[in-house]
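Reading through the structure tokens given below for one structure.
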Amino acid sequence: MKTLRTHFFKIISILLTIAVIVLGYLYLQARQGATLPAKADPVVAKLGKIMALPEGEQAQVTIIENAQAARARDAAFFATAAVGDRLIAYKQLLVLYDMKANKIKNIQTFGTKPPPGPTKTLTVALRYNGNEEARAKDLKQQMEAASPNYKIVEVAKSKATYPLDVIYVVNPARQEDAITLGQGLGGSPVVGELSPNEAPTDADVIIAFRDIK
Numbered sequence: 014m015k016t017l018r019t020h021f022f023k024i025i026s027i028l029l030t031i032a033v034i035v036l037g038y039l040y041l042q043a044r045q046g047a048t049l050p051a052k053a054d055p056v057v058a059k060l061g062k063i064m065a066l067p068e069g070e071q072a073q074v075t076i077i078e079n080a081q082a083a084r085a086r087d088a089a090f091f092a093t094a095a096v097g098d099r100l101i102a103y104k105q106l107l108v109l110y111d112m113k114a115n116k117i118k119n120i121q122t123f124g125t126k127p128p129p130g131p132t133k134t135l136t137v138a139l140r141y142n143g144n145e146e147a148r149a150k151d152l153k154q155q156m157e158a159a160s161p162n163y164k165i166v167e168v169a170k171s172k173a174t175y176p177l178d179v180i181y182v183v184n185p186a187r188q189e190d191a192i193t194l195g196q197g198l199g200g201s202p203v204v205g206e207l208s209p210n211e212a213p214t215d216a217d218v219i220i221a222f223r224d225i226k
């Protein structure tokens with residue numbers, strides 16, 4: 014009886030040890046999963062190398078399985094969509110991305126809601142590269158609808174070339190508004206010095222669009 018009791022306690026001890034190890038492993042896995050950065054997704058990480066993305070926000074990545082159905086929902090945004098493309102969605106940013114070609118096909122800023130409008134009139138010049146006039150005009154409409162304090166004074170093609178969308182602070186007194194605007198535009202960088210080829214302006218800020226085609 015003593016021998017059986019001894020074996021019984023040994024078995025229980027082994028099972029408890031295994032249970033503790035398994036629970037510890039699961040806890041560590043859960044902790045690691047909970048602390049993964051927002052850009053851990055390989056698609057988002059690859060996209061993040063060619064454009065600025067919102068920080069501290071988990072993107073929703075969807076694979077386009079039916080391009081025709083996507084165009085039926087939004088013909089303009091999904092005009093060039095193909096099966097296998099990714100739709101990367103943030104609260105204020107949508108990106109249609111061809112991962113194989115590492116090419117951004119389309120961008121929609123503001124997403125579900127625009128950033129807070131300025132407390133007083135902010136004059137904005139929109140400059141664009143390539144064939145981005147339509148995107149610039151679309152942003153103009155969104156900004157004017159978002160707040161009466163956004164005053165778009167110019168939509169023109171830029172002589173400078175941009176690898177990323179950029180916001181220039183022309184009037185240093187409006188830097189805080191420019192930063193808020195940049196956050197609403199998907200994390201576009203805000204800089205204080207104009208590109209040498211960029212034409213001067215009397216606007217408070219310049220939003221410069223790169224060519225994404």
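In terms of the working numbering, the sequence shown opens at residue 14 and continues consecutively. Glycine included, every Cβ here is placed at the ideal spot set by N, Cα and C.
Quick one: what does DSSP say I219 is sitting in, helix, strand or coil? Here residue 219 refers to the residue found at position 206 when the sequence shown is read from its first residue. DSSP places I219 in strand when its eight states are reduced to three.
Alpha carbon of A51 to alpha carbon of T174, nearest angstrom: Your numbering for residue 51 matches position 38 in the sequence shown. Your numbering for residue 174 matches position 161 in the sequence shown. Residue placement at A51 cannot be trusted, given a pLDDT of 42 that sits under 50; what the coordinates show is reported in the next sentence. Computed Cα separation, rounded: 29 Å.
Between the alpha carbons of L100 and F91, how many angstroms are there, rounded? The residue labelled residue 100 in the question sits at position 87 within the sequence shown. The residue labelled residue 91 in the question sits at position 78 within the sequence shown. Looking at the two C-alpha atoms, the distance is approximately 10 Å.
Would K172 and N210 qualify as a contact pair, given that the criterion is a beta-carbon distance under 7 Å? The residue you call residue 172 lines up with position 159 of the sequence shown. The residue you call residue 210 lines up with position 197 of the sequence shown. Yes, the pair counts as a contact, with Cβ atoms nearer than the cut-off.
Please tell me whether V224 and N162 are closer than 7 Å, where the distance is taken between their beta carbons. Numbered from its first residue, the sequence shown carries residue 224 at position 211. Numbered from its first residue, the sequence shown carries residue 162 at position 149. Note on residue identity: the sequence assigns Asp, not Val, to residue 224. Taking 7 Å as the Cβ cut-off, D224 and N162 do not qualify as a contacting pair.
In the DSSP assignment, find the unbroken alpha helix (DSSP H) run with I192 in it and report its ends. Position 179 of the sequence shown, counted from the start, is the residue given in the question as residue 192. Where I192 is concerned, the enclosing alpha helix (DSSP H) stretches over Q188 to G197.
Can you say whether P67 is buried or exposed, counting buried as having 16 or more other CB atoms within 10 angstroms of its CB? Looking up residue 67 in the sequence shown gives position 54. P67 should be labelled buried.
Among residues of its own chain, excluding the 5 on either side of Q42, which ones have a beta-carbon nearer than 6 Å to its beta-carbon? As a first step, residue 42 is located in the sequence shown; it is residue number 29 there, counting from the start. With a pLDDT of 46 at Q42, under the threshold of 50, the modelled position of this residue cannot be trusted, and the question is left open.
For the beta strand (DSSP E) containing D111, list its first residue and its last residue. Indexing the sequence shown from 1 puts residue 111 at position 98. Its beta strand (DSSP E) spans residues L106 to D111.
Flag this pair as touching only if the region 179-187 and the region 145-155 have three or more C-beta atom pairs under 8 Å; answer yes or no. no
Which residue wins for smallest C-alpha separation from A102, given the options I192, A216, T136 and T75? In the sequence shown, residue 102 corresponds to position 89, counting from 1. It is T75.
Of all the alpha helix (DSSP H) runs that stay within the bounds of the region 125-161, which reach a length of 4 or more residues? 146-159
Are G130 and S160 touching if we call contact CB-CB under 7 Å? Counting from 1 along the sequence shown, the entry for residue 130 is found at position 117. Counting from 1 along the sequence shown, the entry for residue 160 is found at position 147. Cβ distance < 7 Å, so G130 and S160 count as in contact.
Apart from the five residues on each side of it in sequence, which residues of its chain come closer than 6 Å, Cβ to Cβ, to K164? Numbered from its first residue, the sequence shown carries residue 164 at position 151. These residues qualify, in order along the chain: T134 and T136.
Going straight from the alpha carbon of L207 to that of V57, what length do you get? Counting from 1 along the sequence shown, the entry for residue 207 is found at position 194. Counting from 1 along the sequence shown, the entry for residue 57 is found at position 44. For L207 and V57, the distance between alpha carbons rounds to 29 Å.
Host alpha helix (DSSP H) of K59 (start-end): Numbered from its first residue, the sequence shown carries residue 59 at position 46. Element bounds for K59: P55 to L60.
Option nearest E70 by Cα separation, candidates A85, Q81, D54 and K113: If you number the sequence shown from 1, residue 70 lands on position 57. The candidate whose alpha carbon is nearest that of E70 is D54.
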